[in-house]
Amino acid sequence: MTFQNIVRIKNKTIGAGQPAFIIAELGVNHGGDADVAAKMIEAAAAA
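Okay, so the sequence shown: first residue is 51 according to the working numbering, each after it adds one.
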């Protein structure tokens, strides 16, 4: 079995020699509030 050192997610390439790719984890920090979750997603996307 051969493993690749590069992964593609949509138009992003992730791997050695590529810019950092940060993934925000929302979890349950929104306390079940959809408005809070939406604001957290917007803040993560803007960061």
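Glycine included, every Cβ here is placed at the ideal spot set by N, Cα and C.
For residue i, does the three-state DSSP call read helix, strand or coil?
i	result
Val39	Within the shown structure, residues of the chain are numbered from 51 to 97, placing residue 39 beyond reach of any answer.
Ile24	Given that the chain is displayed from residue 51 to residue 97, the structure contains no residue 24 and the question cannot be resolved.
What span of residues does the beta strand (DSSP E) with residue i cover, start to end?
i	result
Val57	56–59
Gly65	62–65
Give me, in chain order, the residues of the same chain whose beta-carbon lies closer than 6 Å to that of residue i; leave out the 5 immediate sequence neighbours on both sides.
i	result
Ile72	none
So, residue i versus residue j, is the Cβ gap smaller than 7 Å?
i	j	result
Asn55	Ala66	yes
Ala74	His80	no
Return the chain-ordered list of same chain residues with a C-beta closer than 7 Å to the C-beta of residue i, the five sequence neighbours on each side being excluded.
i	result
Val57	Ile64, Gly65
Lys60	none
Kindly list the residues whose CB is nearer than 8 Å to the CB of residue i, restricted to its own chain and excluding five residues on each side of it in sequence; keep chain order.
i	result
Ile91	Ala74, Leu76
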